[in-house]
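Here is the structure we will look at.
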Amino acid sequence: MKLIRAVFLFLSIIPILAVASSPFSKITFFGDSLSDTGNKHQVTAALAKASNLRIGIRAEAPYFNGRFSNHYVWTDYLLSHFFEGGLSSARQPVKGTLIFDNDLHLPFTINAHEGQNWAIGGAQVGPGYFKDIDVTTDVELLDGAVVMPNIGQQIDDWAKKNSYFERNELISIQGGTNNLWFTLFGDLNHNGKQAAELLLTHIDKLHRLGARHILVSNIPALEYAPLLAEHRAKAEKYINRFNTVLASGISERQQDKRWQAVNIYYYDSHTAFKKIMDTIDKQGQYNHQALNITLTNYTDSAWDFTQNTIVNNPQQYIFWDGLHPTDAVHHLIANDIIQQLSSLTRH
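Numbering (the numbering used here), first residue to last: 6 to 352.
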């Protein structure tokens, strides 16, 4: 009997319950801003302090507590369903020097943080560290801010402190959107196939580190995000290819005897988003009665950050800032994943 499960998860109508008896010993997260619960905010705050505010702080209000949304994100909801206590960021300590072009050298320290969530906004699938900051003055930053871990590096940073994952530990991994972002607006030049193959190598690394329960999420239907409207055709091609290659790679591992003791839970967030959008197109709104959520808009941003204006009903929007989902959508995503995980782990 094959013990690996490649499961395609869709939105359900069952509400999230109170803290449940968990089939998992703990949950560890790797990813980008869709999963981040404060890492990007905290890292840029440390850089801002060291640079006397020459570097801006990301995910400030009206973002919620360092999250790239208007309230909690799906990782918060997932953890709080199975365990008491909040979700905390995790990272290794970093020391360095910010070097500006006026011969200004400013040392900085980013403290380690003991938590469960290694995800950080801006992270790409791939190895190493990246720089993604806002310089708030006319002075150019020459060096010193390449300190944020891509998803491969997040796993490596975890491995520096840990030998193997626990037998009943759930490991969540998602990413790939920033490879698209930095291809469209930077010089990365990745296609969906390349990025998906990188994510698959990260999943292989999790396997080598002893992971037996892996939650993998694909890229949502972000080709419809307002910030990508002018690049919809390119975004759609990239995302579709990424998701196809990722699903195929997971299927291949399903047939591999070396993976027989591993459960892969595959969350098809793209189909989930499209289901909501299609329902809005057909019926004018998407209703989830059990969670008391009604969504009516996926073409506009709830928060226009260029004018700093927020609509009166942000929880009826899919997109908060033109790219990241609102709390309502994060709640739906988490609810769906929770129900599927709970159902599968009962067997």
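Where a beta carbon is used, it is the ideal one built from N, C-alpha and C, also for glycine.
Problem - Continuous beta strand (DSSP E) stretch holding Thr42: start and end - result: For the purposes of this step, residue 42 is identified with residue 37 of the sequence shown, where counting begins at 1. Careful: Thr42 lies outside any beta strand (DSSP E) and carries neither H nor E.
Exercise for the section: Determine the DSSP secondary structure at Arg59, reduced to helix, strand or coil. Expected result: Reading the sequence shown from its first residue, position 54 is the one you call residue 59. DSSP places Arg59 in coil when its eight states are reduced to three.
Problem - Cβ contact check for the segment 215 to 223 and the segment 169 to 184: 3 or more pairs under 8 Å - result: As far as the Cβ criterion goes, the segment 215 to 223 touches the segment 169 to 184, which means the pair count is three or higher.
Practice task
Leaving out five residues on either side along the sequence, give the residues of the same chain with a beta carbon under 6 Å from the beta carbon of Gln129.
Solution key: The sequence position of residue 129 within the sequence shown is 124, counting from 1. Asn155, Asn183 and Asn184, listed in sequence order.
Exercise for the section: Evaluate Leu127 with the Cβ neighbour count: other Cβ atoms within 10 Å of its Cβ, from every protein chain shown; 16 or more gives buried, anything less gives exposed. Expected result: Position 122 of the sequence shown holds residue 127. Residue identity differs from the one stated: residue 127 is Gly in this sequence, not Leu. Buried: at least 16 other Cβ atoms inside 10 Å.
Exercise for the section: Count the CB pairs spanning the segment 66 to 74 and the segment 106 to 118 that are closer than 8 Å, and state whether there are at least three. Expected result: Touching, no, given that fewer than three Cβ pairs across the two stretches are closer than 8 Å.
Problem - Cross-strand partners of Val221 (DSSP beta bridge) - result: Translated into positions along the sequence shown, residue 221 becomes position 216. Beta-bridge pairing links Val221 to Ile178 and Tyr271.
Exercise for the section: Would you decide whether Lys45 is buried or exposed? Buried here means 16 or more other CB atoms lie within 10 Å of its CB. Expected result: For the purposes of this step, residue 45 is identified with residue 40 of the sequence shown, where counting begins at 1. Buried.
Practice task
Take the Cβ of Pro225 as the centre, count every other Cβ of all protein chains shown within 10 Å, and call the residue buried at 16 or more, exposed below.
Solution key: As a working mapping, residue 225 is identified with position 220 in the sequence shown. With 16 or more other Cβ atoms within 10 Å, it is buried.
Exercise for the section: Indicate the three-state DSSP secondary structure (helix, strand or coil) for Pro138 in the structure shown. Expected result: Looking up residue 138 in the sequence shown gives position 133. Note on residue identity: the sequence assigns Ile, not Pro, to residue 138. If DSSP states are grouped into helix, strand and coil, Ile138 belongs with coil.
Practice task
Indicate the three-state DSSP secondary structure (helix, strand or coil) for Asp209 in the structure shown.
Solution key: Numbered from its first residue, the sequence shown carries residue 209 at position 204. Helix.
Handout entry: For Asn116 and Asp37, the rounded distance between their alpha carbons
Key = On the sequence shown, residue 37 is found 32 positions in, with the first residue counted as 1. On the sequence shown, residue 116 is found 111 positions in, with the first residue counted as 1. C-alpha separation (whole angstroms): 20 Å.
Problem - Inter-stretch contact at 8 Å, needing at least 3 Cβ pairs: the segment 227 to 247 / the segment 194 to 205 - result: yes
Practice task
Determine the burial state of Val12: buried for a count of at least 16 other Cβ atoms within 10 Å of its Cβ, exposed for fewer.
Solution key: Within the sequence shown, numbered from 1, the residue matching residue 12 stands at position 7. For Val12, the pLDDT reaches just 44, beneath the cut-off of 50, and the residue's location in the model is therefore unreliable, although a value from the coordinates is still provided. Around the C-beta of Val12, 16 or more other C-beta atoms lie within 10 Å, and the residue is accordingly described as buried.
Practice task
Could you give the DSSP three-state label for Trp123: helix, strand or coil?
Solution key: The residue you call residue 123 lines up with position 118 of the sequence shown. Looking at Trp123 - three-state DSSP - the assignment turns out to be coil, as it is neither helix nor strand.
Problem - Contact under 7 Å by Cβ, Thr276 with Gln290 - result: Position 271 of the sequence shown, counted from the first residue, corresponds to residue 276. Position 285 of the sequence shown, counted from the first residue, corresponds to residue 290. The answer is no: Cβ separation not under 7 Å.
Handout entry: Leu92 versus Ser347 - alpha carbon distance
Key = For the purposes of this step, residue 92 is taken as residue 87 along the sequence shown, with counting starting at 1. For the purposes of this step, residue 347 is taken as residue 342 along the sequence shown, with counting starting at 1. If you take the alpha carbons of Leu92 and Ser347, they lie about 20 Å apart.
Exercise for the section: Mind checking who His293 pairs with in its DSSP beta bridge? Expected result: Residue numbering aside, residue 293 sits at position 288 when the sequence shown is read from its first letter. In the DSSP output, where bridge partners are listed per residue, His293 has Ile298.
Practice task
List the DSSP bridge partners of Arg96.
Solution key: Start at 1 with the first residue of the sequence shown, and residue 96 comes out as number 91. Note: Arg96 sits in a beta bridge opposite His118.
Problem - Backbone secondary structure at Gln265 - three-state DSSP - result: Your numbering for residue 265 matches position 260 in the sequence shown. Gln265: coil per DSSP, three-state reduction.
Problem - Local conformation of Tyr68 per DSSP, three classes - result: The count along the sequence shown starts at 1 and reaches residue 68 at position 63. Correct three-state label for Tyr68: coil.
Handout entry: Span separating the alpha-carbon of Gln158 from that of Lys287
Key = Counting from one through the sequence shown, the residue named residue 158 turns up at place 153. Counting from one through the sequence shown, the residue named residue 287 turns up at place 282. For Gln158 and Lys287, the distance between alpha carbons rounds to 43 Å.
Practice task
Indicate whether Ser27 and Phe87 have their beta-carbon atoms separated by less than 7 Å.
Solution key: Along the sequence shown, read from residue 1 onward, the residue named residue 27 stands at position 22. Along the sequence shown, read from residue 1 onward, the residue named residue 87 stands at position 82. Cβ atoms of Ser27 and Phe87: closer than 7 Å.
Exercise for the section: Note down, in chain order, each residue of its chain lying with its Cβ closer than 8 Å to the Cβ of Leu233, except the 5 sequence neighbours on either side. Expected result: On the sequence shown, residue 233 is found 228 positions in, with the first residue counted as 1. Only Leu189, Leu227, Ala240 and Leu328 meet the Cβ criterion.
Exercise for the section: Let me know the secondary structure DSSP gives Tyr322 once reduced to three states. Expected result: On the sequence shown, position 317 is the one that residue 322 refers to. Looking at Tyr322 - three-state DSSP - the assignment turns out to be strand.
Practice task
Please determine, among Gly197, Thr206 and Thr49, the residue with the shortest C-alpha to C-alpha distance to Ile138.
Solution key: Reading the sequence shown from its first residue, position 133 is the one you call residue 138. Per the Cα distances, Thr49.
Practice task
With DSSP as the reference, please indicate the residues paired to Trp308 in a beta bridge.
Solution key: Taking the first residue of the sequence shown as 1, we reach residue 308 at position 303. In DSSP, Trp308 forms a bridge with Ile315.
Exercise for the section: Identify whether Leu8 lies in helix, strand or coil by the three-state DSSP scheme. Expected result: Position 3 of the sequence shown holds residue 8. Bear in mind that the predicted position of Leu8 carries a pLDDT of just 36, short of 50, making it unreliable; the figure below should be weighed with that in mind. DSSP places Leu8 in the coil class of the three-state scheme, outside both helix and strand.
Exercise for the section: Determine the extent of the beta strand (DSSP E) in which Phe34 is found, giving its start and end residues. Expected result: As a first step, residue 34 must be located in the sequence shown, where it is residue number 29. It spans Ile32 to Phe35 - the beta strand (DSSP E) in which Phe34 sits, taken as one unbroken run.
Exercise for the section: Report yes if the CB atom of Ala95 is closer than 7 Å to the CB atom of His118, and no otherwise. Expected result: In the sequence shown, counting from the first residue as 1, residue 95 sits at position 90. In the sequence shown, counting from the first residue as 1, residue 118 sits at position 113. In this structure, His118 lies closer than 7 Å to Ala95 by Cβ.
Problem - CB of Phe310 within 7 Å of CB of Pro231, strictly - result: In the sequence shown, residue 310 corresponds to position 305, counting from 1. In the sequence shown, residue 231 corresponds to position 226, counting from 1. At the C-beta level, Phe310 and Pro231 stay beyond 7 Å of one another.
Problem - CB contact flag (Phe105, Leu146, <7 Å) - result: Your numbering for residue 105 matches position 100 in the sequence shown. Your numbering for residue 146 matches position 141 in the sequence shown. Cβ distance < 7 Å, so Phe105 and Leu146 count as in contact.
Exercise for the section: Please state whether DSSP places His195 in a helix, a strand or coil. Expected result: Within the sequence shown, the letter at position 190 stands for residue 195. Here His195 sits in coil by DSSP.
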